[in-house]
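Since the structure comes first, as structure tokens, the remarks are kept for the end.
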């Protein structure tokens, strides 16, 4: 019996150090990165018994992915494939007004051909929770079908499902995303979404509270979590709205903030915490993530508790 | 027919990484750097057909300079020399109150012996614009004479001339600069100068508008551009004053900001833009430059347009 | 009028430093690499007026390729594309018995859709020589057709053609290669091939001299060059066999040795040298290449002459 | 049911890059290293279901150890301790005549206080094999006692025991080692030792065959494996001597060669191979190890098979 | 005759670059660090004839310490020991809310066994000033006794004594510190302490002025210097209170700020400056320190003067 | 009373890492390097009380030189100058046939204007030995005169003089060197020279023994030491020839081998050793030097003794 199963693509992230431009870079930093494994690592670090699965090429590049994920303590259960490539993304970090730019090179990744029957669906059936994000069905027609099957498998087995909308404009249009994602929502218990995606993709408007209520009403989600950027987050659950401000943070690497939030939110829910404490746990973990290089929240429960208790500040010696 | 010819020294810039002190550094980053090539690269990146020329030692160090400049797409037309060294400068980056310190090691560089007849003056005659800066005549008596000859050659051939005052206190005194530079001004159509140099070197006083007007009146410049640091820039042209605020930027490396501004200003003027749009183009490129390591604005027209349109912000994925 | 046009894919090469394994690497060195641009750079460095063309994605990654090639002094004439990715390859360097391993990630590169009519075939018609290799037709059906059209275009215009068999077992089988390549041979004047590929792919057997004669006889090549690894090279031309031993070298990076050889061979032929001196020039350049990191022979004519004259040895100070 | 349990200290290894001296180093490479985890990783990579355990400080440094080991796919079962430090060793690599120098800084490591009852001895009882080395009892009086208890526990439960003598002159004298180690031998089924340690520590003399026979006879080992450096290895088993020459290798990092040999030897024995094939498997893995930075044989079964089949040579592309 | 002798442990500081976590670091930066040598270097750089002494292991690691300290111009007079290890500390830098974390690994360092009679106490007797900090007696019972003997030796010889309370919560409790330190105070002329340590360790309360007066009154210090963080510092001397605000600074590495302050304060006092100018000198040096990587204020008198005169700002070229 | 004073230029050495070409390097390693300081450090490390002096620019670059030299334990006594630059040299390391190439950038270094009366000649008079090399008079006319004055000063005061011919073809012709150097020889007691320089510069021919005898006879040297590369060295002293073979070594950086030899030779002579033991000491230190990055022999007496005793081999742990 596992606490949490996540499914989705993990890429290799290639980034020039020290704000160099890709066009002139002579070296690249290499890290594993993907929404679903980011969430699974964050949850694992915080006490959840999680497993991540996907389809990876049977090559040093595919093993590079599991090697890093396992170094964080996560259990991985990949399907190894002789077909398909290892997805990558290039990221050029920069301050404003240049901004940080992402170039996906993930077409034809091994995972894009993953059918549900290849994946360890038994693990999903035996798990308390299942998580994937809106990136997964965006990657291929096969994965669109697979995502629906996995969500159905979970709900059919009584496994709770959490889903982060995670809209990526470089993968599909808002219209395409809306059509696909709303079909999946009947199998989703907990929806997480940035408020701007709720507006832009789902077409829901109004105050953030109104949006949360409308989402919950329309698609009958048990819980809706809206992330509000610097404003923190807000949840609708059992008809009630709970707000959580963001913790102050000095940002070293912003990528993966949302995944850290979701991973910690789920960890706290799985550990029996209520929505309010899960939001707080998520916000504290997200604040820590932003101080850490890479997509992944390499944190400890003590550190998260320290943020919540407003300790951990300055120099500890 | 070329759009723009620039002439001036390009050095090798040696800087310790990560705010280390020169006194204790064990490695140095190496980049090509020089006002006139900085301007030429910025203009080239933004669509200008530019060429840079200078006199370089016929050695791996001289080739190191052209190699980097050509990697940015710039055409170089160096004169290769068996005499003279490759100029360098050491730069130690630091926050306040240490401040960033430059040590020039450029005496006896090959370029300091460059006479006009050695240089490809035909390219200047056939070009629409010619650019050099006040650094060039400061480097040697020969270059002082060469600078005057080149400016005369340009105006004689109907090539427009742009000149950045670029006062460097480590090269000469304000008095020496004033005497030399004001002799050149009769051949200059567009003068660019920091407002503090107009005061300190040229002895012009008053409000920034008054200074611009006074400069234009005294030396009959077609256009005067005053750079005002965080206040942006201001131009006097056809009797009118145009102001351009600076775009907000997160500074990674401030060196070369002024050259990025001038290169983009000229690119836009050459492309037919008016002074106002050239100022805006210059300011946007300058803001981008500050996010980029090194002296040089490795930018694209889309990025500059994005700054002007206030796009390009946050993380694009 | 250009001396040499080359067409073929240039990839980004990603390699872990210091013999690290890909599976555990945290950084990768990044360089441009491709047989046809390797050849073009080597020729350019040695005085040839060469141009390389291909189809590249209109992205920082595509510009990364031209940026590096132009830094070596090569003229590039890419077709920029909104479709297709930037091909890459990963290379893990290791001594024996681990050996050096290459993982291609070049499927669906922009170049794989390049049709002859998109490419600057006019440059080929106006050039003295045209070069491509057996890698190009192996990359896609479109490129197989394109390769034939380009070779036909060249011979039709009186442009001499050189072709390196360059068999890659990770791209196709010997049988598939044989079928495709032998169809192209009627348009080829100079064939270069490793002797083992002549045996393995073309099925020619016997002593190396016999193989060279048999290749020349069967496909009526003007010149056949066999590379023999540590044994050097051998050419058949005008019915005569010329042998060239390899120069001794301390290998730092063996990749691109053959391309350095071909680039220098062609440079010397273009400069009017006979086959014997071209072989010698090729062998000397190949020896230098092996001391240089990356795929590309960043050399000077003086250095190549120094190897031939047995100078350049020890420490020069 | 596990195939193999290993127990012993894993240190953090700190080494200056590029042959720098420790006295002048400004950065250090950081890796996990320890005979027993080296053996366990090598076995795991080759298909064995292995687990490593030890006592580690409950700190980022202790987690640094398990993080790296798990990245190689090894299961770790550490006891976390609030007492004791993380052992380290500094290693300065150099060619002859400087030689490679090790400075241990492992006194008072958490593991030195590990008592058998703290460790997961149940895992040993349920395992097919147990492995530790002569380093473990050398580290403290407590560990001397613990080692004996663990070996006794294993043999009592029918778990086979393998033991590498691994004499370290910086930890104890030959006399002290002899006294302690020979007391343990009654619980050891498979003894591995360098021939020079058999002579120097155990005082056995003669030809290598004679030494192996004498060791087997005196202490009734089921199997004795003598490692002979460049001469390969030799085993005595069932009264027979089997010899295995070393595979040729280009050494990048020699540390951990013996552990790679043992890990692969055990993996092959566990998989049902006979002593001869286990020796061959060990020798091939040892040869691969020497091409890999760090103490650990990050290899695949295919690579080991490739060495045995004399493939994997040159550049694979 | 020396101006200043300092005694105390200097460690090797190991820090992951670029905000990486220790748990996942693959390289560490290495620097010498210790309150008493930090103070001695700062003073030396500013014209004081200082010497630092301690007990170090006779190993490359011990020599690594003196090598770096001497590179800054400091005279070192270590006692070399065959016993005891080189103390280290690991530091993980991070922004809030992660915060910067220190892991000491200094138990059983060679210095912890240093008895006064081993150390060059003659140098203390012949020096104008002696300095140590509250870290020294916290390291071992031996060092507690040694510290008292050294302070007694100094005052007995007419050498002035300065003492920085430097409370470290990872070494001892406030109560233990109070008991030990207050016993030493009868031999202390100048006490420096952070105001929070005065409160937390010494139990003195009230306004900062009241605290300074109370400290001076209770233990009859000639001078009391309270450091107030961002508020600067305050001294009580001859019954008068002098305040010094902090200079603005952009912090690159905050470690060693207090030691830079003390070193410069003492340098100015030794040079004949009054308390007010010594405070100013200390504050300016502390501001510079924060821009410099590592524990140590590698500064020049000109730079400190520049901060006081509000020069040194921006880019100097 | 000092054992040894050396005078000569110390440069900053700039080298691309990992066999990169200067033309394409993006970072450079930075080290202090100069024959006379190399000799002084080697001697210091081996127990000699040595001091090095020269004229350096009063800048971070000049301090970079003394900082590094003092880190090795050497006493430096520089004259600080406001005129003249810091000499540098660029070195590109490569295997054959590329070979290692040096580009000097040392013209107009501060030292080139050093007159004897500026330098601490009192230290020479009070020293047992004085050393400089043939590089010093090659650097400027002033230094030619200064070298003669210093040598005269030494012999006048009874200080023994050692001189390494150190011919540098990039500084002067053999003829110019011969004319200048032979004028100095009347003040030289111990001449060291590579045998090829004796032939090429001094025009002495014959077997190596004949050359040594001829040198000793012609210029009445007390001792002549000929270095013979891989053949080791040979001395003529008191009419006797002593030979010393080279110790085997794995070369990491060959620069400074001769200086290491001379420094150790002098250290052993100063310590009372005879010529044979000094040659052996020199050869052992030279062998160690070749394993160490940089120009300087950072060695210990134990290590040198270990080479002589044929210990120190393999891995010590």
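Residue numbers (the UniProt record's numbering), protein chains in the order written: chain A, 1 to 317; chain B, 1 to 317; chain C, 1 to 317; chain D, 1 to 317; chain E, 1 to 317; chain F, 1 to 317. Built from N, CA and C at the ideal position, the CB exists for glycine as well.
Helix, strand or coil at residue 152 of chain C [DSSP, three-state]: In this structure, residue 152 of chain C counts as helix in the three-state DSSP scheme.
For residue 21 of chain A, the first and last residue of its enclosing alpha helix (DSSP H): First-last for residue 21 of chain A: undefined, no H or E at that position.
Residues that residue 23 of chain E contacts on chain A, provided the C-beta gap is smaller than 8 Å: Chain order gives the chain A residues near residue 23 of chain E as 298, where near means a beta carbon separation below 8 Å.
Rounded separation between residue 176 of chain E and residue 25 of chain B - CA only: So the alpha carbons of these two residues sit roughly 41 Å apart.
Coarse secondary structure for residue 289 of chain C, derived from DSSP in three states: In this structure, residue 289 of chain C counts as helix in the three-state DSSP scheme.
Exposure of residue 1 of chain C, with buried meaning 16 or more beta-carbon neighbours within 10 Å: Around the beta carbon of residue 1 of chain C, a 10 Å sphere encloses fewer than 16 other beta carbons of the protein chains shown; the residue is thus reported as exposed.
Contacting positions in the stretch 69-88 of chain B - beta carbon closer than 8 Å to chain C: Correct list: 70, 71, 72 and 73.
Contained beta strand (DSSP E) runs [length at least 3] in the stretch 110-167 of chain E, N- to C-terminal order: Runs of the beta strand (DSSP E) inside the stretch 110-167 of chain E: 127-133 and 160-164.
Nearest-angstrom Cα separation, counted from residue 296 of chain B out to residue 32 of chain B: Near 8 Å, if we compare the C-alpha coordinates of residue 296 of chain B and residue 32 of chain B.
Environment of residue 172 of chain B [buried if 16+ CB atoms lie within 10 Å]: Within 10 angstroms of the beta-carbon of residue 172 of chain B lie 16 or more other beta-carbons, which makes it buried.
Cutoff 6 Å; reference residue 312 of chain C; Cβ partners in own chain excluding five residues on either side: Its pLDDT being 48, under 50, residue 312 of chain C is placed unreliably in this model, and the coordinates cannot settle the point.
Members of the stretch 274-298 of chain A that neighbour chain E once the beta carbon cut-off is set at 7 Å: If the cut-off is 7 Å between Cβ atoms, the stretch 274-298 of chain A has 287, 288, 291, 292, 293 and 298 near chain E.
Simplified DSSP state of residue 219 of chain B, which is helix, strand or coil: The DSSP-derived three-state label of residue 219 of chain B is helix.
Cut-off 7 Å between Cβ atoms - residues of its own chain near residue 83 of chain E, not counting five sequence neighbours on either side: So the qualifying residues of the chain are 110 and 113.
Proximity below 7 Å, CB of residue 147 of chain E to CB of residue 159 of chain E: Contact: no.
Positions along the stretch 44-61 of chain F whose CB lies within less than 7 Å of some CB in chain B: Flagged, chain order: 59, 60 and 61.
Cutoff 7 Å: residue 180 of chain C Cβ touching any chain A Cβ: By this cut-off, residue 180 of chain C is not an interface position.
Where residue 105 of chain A sits in the DSSP three-state scheme: Residue 105 of chain A falls in the strand class under three-state DSSP.
Residue(s) in a DSSP beta bridge with residue 6 of chain F: Answer is F:52 and F:131.
For residue 315 of chain C, the nearest candidate out of F:101, F:294 and F:288 (CA to CA): Considering only alpha carbons, the answer is F:101.
Beta-carbon contacts of residue 281 of chain F that lie in its chain and below 8 Å, excluding the five residues immediately before and after: Within the same chain, Cβ atoms closer than 8 Å to the Cβ of residue 281 of chain F are found at 46, 264, 265, 267, 268, 273, 304 and 308, the five residues on either side in sequence being excluded.
Cβ of residue 99 of chain B within 7 Å of any chain E Cβ: It does: the Cβ of residue 99 of chain B has a partner Cβ on chain E nearer than 7 Å.
Neighbouring residues, chain D, relative to residue 95 of chain C (Cβ below 9 Å): Residues of chain D passing the Cβ test: 249, 250, 251, 252, 290 and 291.
Interface flag, residue 67 of chain C vs chain A, CB-CB below 7 Å: True, the Cβ-Cβ gap to chain A drops below 7 Å.
Among E:250, E:234 and E:94, the one whose alpha carbon lies nearest that of residue 243 of chain E: Per the Cα distances, E:234.
Segments assigned alpha helix (DSSP H), at least 4 residues, entirely inside the stretch 203-283 of chain C: With a minimum length of 4 residues, the continuous alpha helix (DSSP H) runs that stay inside the stretch 203-283 of chain C are 208-219 and 257-270.
Neighbourhood of residue 245 of chain D by C-beta, 6 Å cutoff - its chain only, sequence neighbours within 5 removed: The beta carbon of residue 245 of chain D is closer than 6 Å to those of 232 in its chain, skipping five residues each way along the sequence.
Local conformation of residue 307 of chain F per DSSP, three classes: In this structure, residue 307 of chain F counts as helix in the three-state DSSP scheme.
Nearest-angstrom beta carbon gap, residue 215 of chain A and residue 204 of chain A [assumed within contact, 8 Å]: Correct: roughly 6 Å between the Cβ atoms.
Whether residue 130 of chain A touches residue 94 of chain A by CB criterion (7 Å): Not in contact: residue 130 of chain A and residue 94 of chain A (Cβ atoms no closer than 7 Å).
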